[in-house]
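Below is one structure, written out as structure tokens, with a few remarks after it.
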Amino acid sequence: MTPTGAPPDWTTVDIAVPRRPDRLPGISMAGFRRRVPAPLDIAMVAHPAVTLLIDLGGGEGIVCDSRGRHERGSVVIGLMPGELRAGGDVGECLQIRLEPDVAAAALGAAPELSGTMAPLADVWGRDARRVEDRLRAAASWDERFTIAADALGRRLESRSPVDPEVAHAWRRTLAGRGLVRVDSLAGEVGWSRKRLWSRFGAQLGSSPKRVARLVRFDHAAHLLAAGRAAAGVAAESGYVDQSHLHREVKAFTGLTPSALAVAPWLAIDDIAWPASSPTRNPAAAGRRIPDVW
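Quick note on numbering: full-length UniProt numbering labels position 199 of the sequence shown as 199, and the sequence is numbered without any gaps.
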């Protein structure tokens with residue numbers, strides 16, 4: 001998930017990222033600390049990943065609301081969760097993004113999570129509390145990233161991966177920015193369209209077409225935030241026309257493309273998630289950013 005919108009006041013947020021961001025392929029992390037913790041209310045929108053949002057303030061700070069369902073503390077947010085808000089007295093949190101094939105292998109709950117969220121303990125199991133306690137007690141963000149990576153690595157080693165054909169279809173969809181046709185993907189892996197559609201949905205929790213739609217939107221959103229004109233973004237991102245882009249942006253965010261382009265939630269991406277941002281800018285580190293976490 002990526003935050004959208006911000007409270008009326010802007011404050012400085014400290015953002016930490018791992019020194020080795022490629023240690024676990026398909027997994028990215030960022031730590032957020034608000035220097036002056038205060039009540040927060042943020043609208044969020046789907047990102048092409050399953051998100052672990054770990055509350056480091058004792059498990060009572062973050063409150064998530066999705067389609068009338070409220071969860072307090074650390075949560076797992078699946079693909080396509082619909083309208084979702086996060087709030088509460090948020091001080092520190094660790095956000096982990098898992099690409100869908102990795103999430104399915106590490107968590108084993110991708111289909112059940114599609115379109116919704118769940119408490120971390122319900123998905124992770126009885127080891128969740130121990131991992132949370134270790135993360136909260138850690139002396140530095142580097143130590144927290146190591147703890148999280150080790151815990152996820154152990155889960156990946158002890159569980160079966162998704163079908164290689166499904167993993168290939170996902171990675172081709174991501175690399176192709178959502179523009180690769182399902183028939184082409186099926187041909188590449190030697191499956192029928194029907195079989196790919198069925199296995200992809202069963203293991204990743206969403207159809208190839210819906211995932212492609214999400215990947216395409218995410219790329220377009222970053223281009224808009226980089227200052228690109230909507231007409232050019234629509235053409236580059238594979239939309240039929242500017243009206244098509246407008247409808248997709250509205251569906252995912254409730255905003256127009258022009259409003260999305262200046263929305264503060266993408267301001268953190270160059271720092272927290274540089275690999276996924278076409279506007280990657282190392283010089284942005286240390287700047288004042290919207291109070292998103």
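Glycine residues also receive a C-beta, built at the ideal position from the N, C-alpha and C atoms.
All values reported here derive from a predicted model rather than from experimental measurement.
Considering only Ile147, Ala103, Ser28 and Arg134, the residue with the shortest C-alpha distance to Val166 is Ala103. When rounded, the separation of the alpha-carbon atoms in Ser258 and Gly238 is 18 Å. Residue burial is scored here from C-beta neighbours: Arg20 has fewer than 16 other C-beta atoms within 10 angstroms and is therefore classed as exposed.
At least 8 Å separates the beta-carbon of Trp191 from that of Asp101. By the neighbour-count criterion, in which 16 or more other beta carbons inside 10 Å mark a residue as buried, Ala261 falls on the buried side. For Pro100, there is no enclosing beta strand (DSSP E); the enclosing alpha helix (DSSP H) covers residues Pro100 to Leu107. Distances from the alpha-carbon of Gly205 to those of Ala16, Phe32 and Ala49 put Ala49 closest.
Secondary structure note for Thr253: its alpha helix (DSSP H) is the uninterrupted segment Gln242 to Thr253. Per the DSSP secondary-structure output, Phe32 pairs in a beta bridge with Ile15 and Cys93. Less than 8 Å separates the beta-carbon of Ala105 from that of Val162. Looking at Glu188, Cys93 and Glu248, the one whose alpha-carbon comes closest to that of Ala137 is Cys93. Here Met80 has Ala46, Ser114, Gly115, Ser206, Arg210 and Leu214 as same chain residues with Cβ atoms under 8 Å from its own Cβ, once five neighbours each way along the sequence are excluded.
In the structure shown, the three-state DSSP call for Asp122 is helix. The beta carbon of His219 lies closer than 8 Å to those of Arg177, Gly178, Ser237 and Pro278 in the same chain, with the five residues before and after it left out. For Thr116, there is no enclosing beta strand (DSSP E), as DSSP marks it with neither H nor E. For Ile27, the pairing in a beta bridge is given by DSSP as Leu98. With fewer than 16 other CB atoms across the displayed protein chains lying within 10 angstroms of its CB, Glu157 is exposed.
Secondary structure note for Leu53: its beta strand (DSSP E) is the uninterrupted segment Val50 to Asp55. The alpha carbon of Gly125 has as its nearest neighbour, out of Ala139, Ser140, Ala109 and Arg134, the alpha carbon of Ala109. Taking a C-beta distance under 8 Å as the contact criterion, Phe200 and Glu248 do not qualify as a contact pair. Listed in chain order, the non-local C-beta contacts of His168 below 6 Å within the same chain comprise Val189, local neighbours out to five positions each way being set aside. Per the coordinates, the alpha-carbon of Arg195 lies some 29 Å from the alpha-carbon of Leu152. Note that the C-beta distance between Ile15 and Ala221 is not below 8 Å. In this structure, the straight-line span from the alpha carbon of Phe252 to that of Pro208 is close to 17 Å.
Counting only the Cα atoms, Glu99 lies some 16 Å from Ala148. Counting only runs of 4 or more residues that sit fully inside the UniProt domain "HTH araC/xylS-type" (164-263), the alpha helix (DSSP H) segments are 164-175, 182-189, 193-204, 208-225, 230-237, 242-253 and 257-262, in chain order.
Non-local beta-carbon contacts of Gly227 in its own chain, meaning distances under 8 Å to residues more than five positions away in sequence, involve Ala261 in chain order.
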